[in-house]
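Numbering (the working numbering), first residue to last: -13 to 258.
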C-alpha cells in the first residue's frame, strides 16, 4: 500500500519537473512526458484510494490525512480533464506541484484508523464528498489559470517580459479555460450541496443544521454563482474574472481547512 503511494508521489514530482523544464526550455516532448508521468501517478493514486477504501470498509475521507489524499486525487483528475479539453500544457506547472505537495502533506500526517460506521458508508456521503472534491479541484485549477492570465496580460502590456509571453497561451484561451473550470466546478459544487442536504436529512433529521462548514459552503456557492452571473450578465471577463477566481480559491481554502480548525461542527472529524 505505502509503496503505491510513494510511487505516485515520485511520478507527480517527475511530472512537475518535466513541466518546469518545458516552461524554461520549450522542448515539445517535455509536456508529453509530464502528462504521461501524471497519468501514471493518477492511476496509482486511484488504485491506492480504492485499496484503502476496501481495507477500511468505508469511503477513505474520514480524517485529514485521507481528505488530503482525496483532494490531491481530485485536482489531478480535474487537470487531466482540462488538459484534454483546452490543451493548456503549461497549467501542469501549477497542477503537478500542487498535487504532489498536497499528497506529501497528507503522507506526513498520522493516520489513525477511523471507526467504520454507517456514517462513512452511506452512498449519499460518497456522492457528496466526491462531487465536492471534484468541484473544489476545478476551482483550484481556475485559480491557476487566473494566475497564468495575469502573468500573460502583464507580459503583453509591459513588453518587457517576452520570455513569459512566448511560454504562455493566448489570453482568450486562458479566459475560456478559466471560465470552463468555474462552470464545471459550480455544477459539481451544486451537486455536492444537494447530496449533502439529503445526507444530512437522513443522518441528523434536518436538511440544514447551521454547521459552520455548511454555512461557509453556502458562502462559496453564492460567491461563484455571483461570479458566473457577472460574466453572463455584465461581461466580467479577462482580468476581473481572473482576480475573482483567485480570490474565490482563497475562500475555498478557508472553507476546506480553516472552518473546521476554528469551530466545532459535524465535519470536524475530517480534519483530525
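Glycine residues also receive a C-beta, built at the ideal position from the N, C-alpha and C atoms. Predicted model only: the values in this text are computed from it and were never measured.
Query - Span separating the alpha-carbon of residue 112 from that of residue 45 - result: Residue 45 has its alpha-carbon roughly 6 angstroms from the corresponding atom of residue 112.
Query raised in the report: Does the Cβ of residue 51 have 16 or more other Cβ atoms within 10 Å, making it buried, or fewer, making it exposed?
Result: Residue 51 is buried by the Cβ-count criterion.
Query - Beta-carbon contacts of residue 203 that lie in its chain and below 7 angstroms, excluding the five residues immediately before and after - result: Around residue 203: 179, 241.
Query - Validate contact between the segment 133 to 143 and the segment 188 to 201 using beta carbons, cut 8 angstroms, 3 pairs - result: The segment 133 to 143 vs the segment 188 to 201: no contact.
**Report entry** residue 95 - DSSP class collapsed to helix/strand/coil
**Finding:** Residue state, collapsed to three classes: coil.
Query raised in the report: Tell me which same chain residues have a C-beta within less than 6 angstroms of the C-beta of residue 17, skipping the five on either side of it?
Result: For residue 17, where only same-chain residues beyond five positions count, the Cβ hits under 6 angstroms are 8, 75.
Report task. Just mark residue 153 as buried or exposed, buried being the case when its beta carbon has 16 or more other beta carbons within 10 Å. Result -> Residue 153 comes out buried.
Query raised in the report: Could you give the residue range of the alpha helix (DSSP H) that holds residue 240?
Result: In the DSSP assignment, residue 240 falls outside any alpha helix (DSSP H) and carries neither an H nor an E.
Query raised in the report: Roughly how many angstroms separate the alpha carbons of residue 32 and residue 237, rounded to a whole number?
Result: The straight-line gap from Cα to Cα measures roughly 28 angstroms.
Query raised in the report: Using DSSP with H/G/I as helix, E/B as strand and the rest coil, what is residue 256?
Result: Low per-residue confidence applies at residue 256: pLDDT is 48, beneath 50, and the placement is therefore not dependable enough to give any value.
Query raised in the report: Can you tell me whether DSSP reads residue 207 as helix, strand or coil?
Result: Shown here, residue 207 sits in a helix according to DSSP, grouped into three states.
Query raised in the report: How long is the line joining the alpha carbons of residue 108 and residue 193, rounded to whole angstroms?
Result: Near 16 angstroms, if we compare the C-alpha coordinates of residue 193 and residue 108.
**Report entry** For residue 227 and residue 219, believed in contact at Cβ under 8 angstroms, the rounded distance
**Finding:** Beta-carbon to beta-carbon, residue 219 and residue 227 are separated by about 13 angstroms, too far to satisfy the 8 angstroms threshold.
Query raised in the report: Got a sec? Which residues, its chain only, sit under 6 angstroms from residue 243 by beta carbon, not counting five neighbours each side?
Result: Short of 6 angstroms from the beta carbon of residue 243, and not among the five residues preceding or following it, lies no beta carbon of its own chain.
Query raised in the report: How many whole angstroms separate the CB atoms of residue 174 and residue 213, which I take to be in contact at a CB cut-off of 8 angstroms?
Result: About 15 angstroms separates the two Cβ atoms, so there is no contact after all.
**Report entry** Alpha-carbon to alpha-carbon, residue 207 and residue 21
**Finding:** Note on geometry: alpha-carbon atoms of residue 21 and residue 207 lie some 31 angstroms from one another.
Query - C-alpha gap between residue 88 and residue -1, whole angstroms - result: Pairing residue 88 with residue -1, the inter-Cα distance amounts to about 12 angstroms.
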